[in-house]
Each structure stands twice: as structure tokens, then as C-alpha cells.
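Comments concern the structure below.
So this is what it looks like as C-alpha cells:
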């Protein structure tokens, strides 16, 4: 057993030498391009000791480096100490990318190794092309598997379960029929996917393999006459076996997918090169045609059916009850008992667990007090978190997985008393109010948008940013990401960002609407609802679409600078608050309802 | 001499047979991808008799078809009558594209001929790929030149002239230095361009070869140590020769560019495949590397220098005087004398010619009365135009070429009396007002935008459309096109459209701001200014940009539905009108100034 980092690096170098490799890259991903990874695949951590979520290790005969972003600089410094691995700060403009570094460090003719399971077809091709321009070659080989053996955690083998069609809204048979007709349109005989959210959606299965995403670690191959799930046998309980058999889904072992692909002959294989792992691609024999295009599952999954949408609305009610109870508790407790950001995370989780059909959180809650709210990916922990002391601003971004659907909401609220007029604290409060209102105006403008069929999210993005931009302000993240249905809190292909994205918005897609503003060291503000595309009427000028707001939680109106709002914006807030109160109050105790009613008072 | 269309088609088929071609395509373009073409290149007209601006003829052994769009259906029907050439209505959804038609009409192994001068490198490659998918091959060959001989108009040989640096704002030496450093950055030894606006800008030359665009028909090859203009000797007068010699520009004959490229050896040739004609590409020997990327001239040209911008401001004043005088004349004349749309076009031209340094119009004026205003590319002619009868709406889109710069402006005005309350005419007028105001709100919102450096035009597009979209309305054209400086009225790479365009907006770029609404058969509304990108301040969130409005012409405030405007929009209009009055009135007679002052009254 290789007990220390230097031993592991030395053993890797020995294998590299045997294989004629001058460099080896360990990218900190898994064979499914997952957002949340099982411990089995935490190869970067095993090799370097670095425990951050994003990091790539590159080892040559003389050097070893970890690339990670600014969120993890401090952590990496600590965790890499004594390992002999240096830190490449990838958010710094002068830091070379891995490709650049390899191009300048290695010499023409040298070879770089990677495990093709850890790269998408497209990212592998990109790396290959980039190395090729300096006459370096790329070799597919897994050098971690032979080294990391006895102490390696197994691939999770928790049971999978059938996801009731009363929640999914469409049978597996119907989904397969639609996918097969997409395959026919693409002249494809076979479709293969390694994307766990696509598999869970297509086969109406869910699992508990990883945190936050109820997916099942597996692969799928669809043909016209069959559909095969490749999954470890331990996951397939008797119930699961019966369920899968009823859906006419064949079951083979997880690793059998490679030989199943290898055995194909003279057919056209459809895959999504942005998501399929390269090892699967390499398993497809040369006698087959390879058709790389966006997965048809991706688009079908993104357009929620009426039952999925109805489920989302129900999940939103449960979430609203939990959030309302949390904010009542916060108002009653802050300033009276010692509280930390971590306490808030736990408490909010407790309120959510009281909701029917709550399964787990959809991501780790972000509770950012004052300056911590300005750190976009801030994560308080039990041992490292700020105390909620005095009056101040709290940014709270959280979400739940319910059997009926997935939620994701951010509210920024003022905790404590509003500072007295004429004090410096009041001046700060007024600055916060101004920023909060600009963010809210953008949040409303996006929610109110009406747009012709065919419009892309990047065309709408400016609606959320315009008021900030007018004052020379901005935020560095996207305005909206796609959201799954009792699946990933982040999903494609749609989004609302400044970047180009060719996907038109279509009815049933869910996006977040989350502009923000971050004043480093001072405070952060973000306001987020989930919104879904609904029909917006037709005219001689075409079909139009608009948004329905799904999230049901009041805004802290004490933070609004009223003169900045137009009459329409006030009307919108009042109508929204009326809907929140009418929908959520009946689910609360009389006392709680009274509290919420007050928060929803007409402005 | 081939006197009739059938004779020409028959002669072409004879050549096609000799060359083993099953089809020949004549695309109605020229070797420079010009917007306005010299008669010499009107091969489509010669071959088919069709005189419309956009049309492609495809001839096979048994068939001949003209593809054109809906603007030209009536004209094509008339002009093709008896020619044996059929009409393909390319705006109809069921009409096959030329590629589709060739793919279904021809058989694998057959050959299609085109003159490579008439295709860009990219469009040729696209055609080749599309034909290749059905195993058809493409052959580069000019079959029109041997047929269209004695009666073919010559390539224009009007003199070129040096464009004074007092207008251009940057010497040829400085421009060449900048281009050569772009070439170095791309590892290129040679740059070749066939784009006439790029050549005119780079060498500070202008000409009168075609209408509306003061370009010189030519090619240019830039090397590190030399710059060669390929142009017919007739164009190079003694003055021109002295000018070019002073700029150290070598001069060779127009057709010599092909041999000059052919003689290159082992060098890296930079070109813009979207604009370079394919024949030039084919002339580059195989021993040379070919680097296809956006022309560096394009981007430098699009960012106007301070002297170009100052010139634009001066041109706008001259244009404002002409437009003001025109609108005064129109108000005094309409309803008293018989007038047609064509009369308005001529009269406006007359007023423009009275301006200092006016050279020509920058495009054919669009004067659309009532329902004609709803036809986006409407073109009245002396023999086919509407009478300006009674009260109604006039859309007037026009522009001028001045030595100082290029203008392009659209105003929509109400001609005659405002209909009395309670009449159906008044109802129509109120509908027009409503539409006009939605368009104006979008026009103002775009002009008021502030945005971070790096923002693309397609991100801003929705600002101009949002108010129309909210009411289920829309327009089918771009919101803004780039504009040249005493060059093309349309230029890239920037624009403001719904389509993706990767070009960020940069200071000095000029765009139009022209939302509209078109009610078929009833009326059209468009409001257009030219706007230029200027610095918009910096903050901890980065550098911002904003717009300066260049155009100086009042809006018809009788057409505004006042309750739809916000206080800020009214302020914007009042500030703009104040600027128009202050800038333009001193250039008018007292009486004219008084008239304009009234149009610019505070609302």
C-alpha cells in the first residue's frame, strides 16, 4: 500500500517510465462528468492530498503541479504542504493553462497519458489537438487503477429504485419511443450515454449513490429493439429487478458496457461528445459510424411535462413552508442566542426534512453573513464559519430534492434592527438597499419578459443586468441555469448567460433567475427564483413565450429603495406577495401565517 | 454575338458539355462580394434577363431556374417570360435550396461548374461539402467569360483618388504598420484581400466605380516590406500615381493579382475566407501555408479614429440641414401639389446635394407611403410609385456620403392633418401612435444602454425589441448594422441582431439603432439613428461602454402616445431635441430655425 503522497507520485512515475510517458494528467473527474462525485473517483485527492472540489494534477518525471481556482488557494496551500506538489493558481492571468504548460515543458515527440474515462470525447479531442500542435501525443491509459487498490473506496452499490410515473409524468415506454424516433431521424442504430441524469430521466430510476443528485451510477445503450442498463449487480434489488423487467430494460454489469460497445458491428452509433466519456468512444469499433451530436435525451428531459411541472409547484410549497419557518425562527433567535452560519444551514435543513417527500438537499446550503456573502462559492463548515453578530445582511442560497421536484432559491435578508437615521450604519444600510433594489429590478425584468419562440437565453440575460450596468455594477456569474426535475440542480442545454448558447428556450424548461451584486469584504446580494417557460400567446408576428415563477417566498421589502421602483414593478411585487401569502399561509399555523402575511404586505 | 436568352443558355450548355459539367451556377455576385455591383459582373442578368438585385441562375442540360426572394417575384415573372427559365421562389418554405435541388436532380459522379471568382472561400467550401455528401463534384471554371464578349460592359475604369488624411485621420503608413503587426502576430508573411472597403480604408483611396459606395475595384497584397495595389491602369491618373508612390504602394494590373499569388513560395498567406474570392485562394501555391481568419483590416476599420468620428459629426449636421429643409418643404407642399414617393426621393436628394462635400447618396432612398412603408425593402421608381394623397404615414430611410463621413437615417412622420377625434381615421392614427411609441421606446433604450467591455451586439438587441415583444409584436430585420466612414453604409464585423455574433462592441464602432414595426398593407414604422460606442466609465467591476448618438434630426412628437413614456424617456427626448436645435438651428435661415425649434419643443 502506498501510504504517503510522495510514495504515490514515485510509484506513478515508475509506471509512466514503463509506459514511455513524459507526463500524466489526473483531472479530478469521473466517468460520468458528474457534478458530485463518489469517493471512488477522487483520484486527485488520493494522488495529491488536496480535498477541494476542483483540481487537476499533472505529473512529469521532475515536477508535479495542482491546478485549482481561487476558491481553493488557501486550502491547497495547506493540503499540498510537504507533498512536493506545487500550486498553479488558475484564476491568475499569468498562470499557464495545463495545455500551455505541457507545450512549453515537454519536447516534440514526447507522450502524455490520461485515463480516457475521465475526459469527454470533446475535451479529449481538444487536448489532443492542442498537444498535437507541438508534436506531443496523447495516450489513453489508466495508471491510477493499478496503484490505488486495497484502500480505494468501492463504487457505491446502494440500491436503485423505480421512480413512480405519478411523479415522472411519462412512462419509460413513451420516453424510449420518443428517443428511438430521434435516433431514426439521425440514422442511428445505437445510442450510448454515460450521463447519469439522462439515464435516471430516461428509465425513471433514482438512487442514492452521491449526495444532492438522486442518480444511479450506470451507463445505457439504447437500440431500436432493446435498452440495456449497465450497473453493478448489488444495486439491483429484487424490487429493482422486477421494476426494470417490467420496463423491458435489460441489465448488465457496470463495466460490461465496454464489451457491449466493442461487439457492435457496422452500425451508426449516436452519442453526445460533450458528455460521453472518451473510453466509451474508444470502445466503438472502427466498422461503426460515429455520430456526435447533442443528446436527444438532454432536450426532451429539459422540457418538463405537466405532471413534472405540477410536482415542481408542490415542491415549491413545501420549500416555502420550510423557508418561512426558518426565517421566523431566525428573526426570533438572532441576537438572543449565539448563532453561526453553520447553525443556520443545519436549522434550515431541519425545517426542510419536516416537509413531505423531502429526500435531501439539492446542494450544500450557502449561508453568507456580511462579507462572506460576497464570496460567490462560499461554504461555511462546522469548524470554519462566521458568527451571526449584531445587525447585518445574510445571503442564503439553498434547495431541496422532493419526490415531486427540485428547488433552488436565494433570498438576501436583513437580520436585526434597521440602523437609526444619521448613523454610519444607516449609510451602509442605504447603500445595501440601493444595490438590493437594482438586483431586484433585474430579477423582475427577466421574470416579466415575453419573447418570440426561438429566443435564446443569452438574448434575455441583459434584462437582469441592465440596472446594475447602468450604474457601472455587474456580477461575474450566469443569470440563470437550467434545473432538473428531482434530478440535478444544474442541467442543460438551456441557460441564461452572457455567453452564446444556441439552445432556444422552450415551454416546460426551468431556469433560475438570479442576478446579484458582490461587494468584496462587505456584503453580497443575490435574489433567485426558479421560473419556467409557458406559452405567451400568438399574433400575426408569431408565437410568443413568457415565464411562470415557480418559487414561493417573500422578498425582504425593508431592503427596497422604493423610489427606484416603477409602478409596474411595485404591482408585480404586490401580485407575487399576494400569491405567496394565498398559497403558503394555508399550510402554516395561524401565528406563522400572520407573520408571513405581514412580510407580504402591499408596498 | 448571342442576342437572346435562349441562345445564351444553349451556348452555355454547349460549353458545359465540352467541360463534362451537368450543371452550372451563376450566383449574381462579383469577385469582391460587393453590395453594389458594376454592370460588367451582372452575369445573371445577361444570362436570364432578370434585372433584380439578388438572383442565382442554375442551368442543367434540361432545365434552367432562377432563385430569388419575395421582393422580386413579380419582376422575375415578367422578365423571365419566354426565356425558358423557371422561377424558384426562395422565400417559400417548400422551395428547395440550390444545394438541395442539385442533390436531388443530379446523379452521383456528376460535376457542377462555378466561376470561383464569384464565391467566397467559405461559401465555395460549403457548396463543395454539400455536393460531396451526394458524391457530386465541384469544378472551378468561368464559362460566362468566353460567351459574353463584345457586348460586355468593361470593368469601370474611373480614376481613383487619394483620400486626404485630414478626413481619414490616419496615414497609410500607420495603418500598414498596424496591419503588419497583426500579420506578425498571426505568423503571416502575406495578406491578400479582395474586399473593396478594406482596400479603400487601408490605402486611403476612394473612387466612383459603383453607386453609393466610393470604393475602387482592385485587390491588395500586403507583405512586411511591400504593399501592392492591383488595379486597372486607366484608374491610375498622374495624380493617383503620385499619391500612391508617396505612400510607397506598388501598382500592378487588376488581373496580375492571380500571378502575384501564384509566384509566392513557402510563405504563410493570411486571408479572410468569408470575404476572399475562391479564385484568389486557388492561386496560392500548395507550398504556402493558408491561414483563414477574420481580416485584421475589418476590425481596425470598424473602430473609427477621433478624426473620422469628428467627420461623422460634421456629416450629420449637413444631413440634418438637408432633412430639416426637406421636411419643411414636405409640410408646405403635401396636399397642395401632386407628389409621389419618387418626387420625395428626388427632392431629398436635391437638398442633400446642397450640402458641402456631399458626394452621393449612401443607398437608394426608401420613401414608403402608408402600406408601402410596411414593405421592408420597398423601392419606389419614377414609373412605379404611390401618390402622397391625403393624410398619412411616411417612412423615409435615406443617407448620404460626404467626404467627412457616411450617414443613414430613418424617420417616420405623419403627413397632413391629425384626424378629428371620434373618426375611424383617428382610431387608425391612435393605433399608429401606439406602435410608433413602442418603437421609439426601444430605440431610446438601446441608445441609453451602458455595458461592460466585451459585450456583444446580440446581448443588447432585446433592449430595442422588448416593448414590442411585450405586446406580441416584432420586426423581422436586425436592430443595427455597422456603418463605414465615407465607405459602405453596411459593414462588419459588429452588428446588433438576434443572431449570435462573437464580435464585442468596441469604442469607435458605429451602428444603426433602427427598431420598427410593419403592418402589412397598412403602414410601416421605423426610427433610426446612428450611434457610436464611447467609454462609459470604470469601476471595481470593470470598464464600461455606452453610446453617443450621432444623428441629429427631430422625431415627429405628434406620433407619441405620451402616457407610454417614462419620465426618463421624456427627459431623453427633450435633451436630444435640445441638442438637435442647438446644433442645427445656427446652420439654417431664421425662418427654418424657427420651424425646427417648434419641432423640438419640450414634451
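Chains as they are written, first to last, in the working numbering: chain A, 1143 to 1745; chain B, 1143 to 1745. Just so it is clear, CB atoms sit at the ideal spot from N, CA and C, and this is done for glycine as well.
Contacts around residue i, its chain only, beta-carbon distance under 6 Å, and the 5 residues preceding and following it disregarded
i, result
"residue 1561 of chain A", "1567, 1568 and 1571"
"residue 1420 of chain B", "1258, 1261, 1263 and 1266"
"residue 1174 of chain B", "1336 and 1338"
"residue 1389 of chain B", "1314"
"residue 1690 of chain A", "1674 and 1676"
Selected residue, minimal CA-CA separation from residue i, among the options
i, options, result
"residue 1407 of chain A", "A:1686, A:1231, A:1545 and A:1331", "A:1331"
"residue 1554 of chain B", "B:1302, B:1297 and B:1656", "B:1656"
"residue 1313 of chain A", "A:1744, A:1690 and A:1449", "A:1449"
"residue 1270 of chain A", "A:1409, A:1486, A:1252 and A:1585", "A:1252"
"residue 1493 of chain B", "B:1463, B:1480 and B:1298", "B:1463"
"residue 1149 of chain A", "A:1739, A:1167, A:1225 and A:1183", "A:1225"
"residue 1274 of chain B", "B:1287, B:1241, B:1163 and B:1302", "B:1241"
"residue 1428 of chain A", "A:1437, A:1440, A:1417 and A:1410", "A:1410"
"residue 1437 of chain B", "B:1452, B:1382, B:1446 and B:1340", "B:1340"
"residue 1190 of chain A", "A:1180, A:1182, A:1201 and A:1181", "A:1201"
"residue 1594 of chain A", "B:1180, B:1640 and B:1627", "B:1640"
"residue 1542 of chain B", "B:1460, B:1613, B:1390 and B:1662", "B:1460"
"residue 1522 of chain A", "A:1535, A:1507 and A:1644", "A:1507"
"residue 1230 of chain B", "B:1245, B:1247 and B:1206", "B:1206"
"residue 1713 of chain A", "A:1278, A:1176 and A:1745", "A:1745"
"residue 1625 of chain B", "B:1299, B:1403 and B:1445", "B:1445"
"residue 1485 of chain B", "B:1453, B:1702 and B:1527", "B:1527"
"residue 1243 of chain A", "A:1219, A:1213, A:1218 and A:1278", "A:1278"
"residue 1194 of chain B", "B:1176, B:1170, B:1204 and B:1203", "B:1170"
"residue 1327 of chain B", "B:1729, B:1433, B:1558 and B:1233", "B:1433"
"residue 1168 of chain B", "B:1238, B:1250, B:1272 and B:1286", "B:1286"
"residue 1316 of chain A", "A:1636, A:1584, A:1439 and A:1734", "A:1439"
Residues bridged to residue i (per DSSP)
i, result
"residue 1333 of chain A", "A:1364 and A:1412"
"residue 1372 of chain A", "A:1361 and A:1394"
"residue 1283 of chain B", "Answer is none; residue 1283 of chain B lacks a bridge partner."
"residue 1275 of chain B", "None, per the DSSP bridge assignment."
"residue 1348 of chain A", "A:1303"
"residue 1677 of chain B", "B:1687"
"residue 1637 of chain A", "A:1623"
"residue 1500 of chain B", "B:1544"
"residue 1655 of chain B", "B:1671"
"residue 1209 of chain B", "B:1198 and B:1230"
8 Å contact criterion, which residue i and residue j should meet: CB distance rounded
i, j, result
"residue 1456 of chain B", "residue 1353 of chain B", "Actually they are not in contact, since the Cβ atoms of residue 1456 of chain B and residue 1353 of chain B sit about 23 Å apart, beyond 8 Å."
"residue 1544 of chain A", "residue 1497 of chain A", "7 Å"
"residue 1550 of chain A", "residue 1670 of chain A", "7 Å"
"residue 1320 of chain A", "residue 1442 of chain A", "6 Å"
"residue 1582 of chain B", "residue 1697 of chain B", "7 Å"
"residue 1188 of chain B", "residue 1290 of chain B", "5 Å"
"residue 1659 of chain B", "residue 1667 of chain B", "5 Å"
"residue 1385 of chain A", "residue 1311 of chain A", "Contact doesn't hold; Cβ gap of about 17 Å is too wide."
"residue 1283 of chain A", "residue 1161 of chain A", "6 Å"
"residue 1138 of chain A", "residue 1643 of chain A", "Look at the range of chain A in this structure, 1143 to 1745, and you will see that residue 1138 of chain A is not part of it."
8 Å Cβ cut-off: residues of chain D touching residue i
i, result
"residue 1611 of chain A", "Checking the listed chains, one finds no chain D in this structure; the protein chains it contains are A and B."
Any non-hydrogen atom of the ligand GDP closer than 8 Å to residue i Cβ
i, result
"residue 1663 of chain B", "Only the bare structure without any ligand can be found here, which leaves the ligand GDP out of the picture."
Cβ-based neighbour list, residue i, same chain, cut-off 7 Å, excluding 5 preceding and 5 following
i, result
"residue 1499 of chain B", "1544, 1545 and 1546"
"residue 1144 of chain B", "1150, 1153 and 1289"
Same chain only: Cβ atoms within 8 Å of residue i, ignoring 5 sequence neighbours per side
i, result
"residue 1400 of chain A", "1421, 1422 and 1425"
"residue 1722 of chain B", "1462, 1694, 1695, 1696, 1738 and 1742"
Exercise. For the stretch 1518-1605 of chain A, which segments carrying the beta strand (DSSP E) assignment without a break, of at least 3 residues, lie completely within its bounds, in sequence order?
Worked result: 1534-1540, 1542-1544, 1551-1557 and 1592-1594
For this session: Just list the alpha helix (DSSP H) runs in the stretch 1418-1454 of chain A, keeping only unbroken ones of 4 residues or longer that don't cross its boundaries, in chain order.
Result: 1420-1425 and 1438-1444
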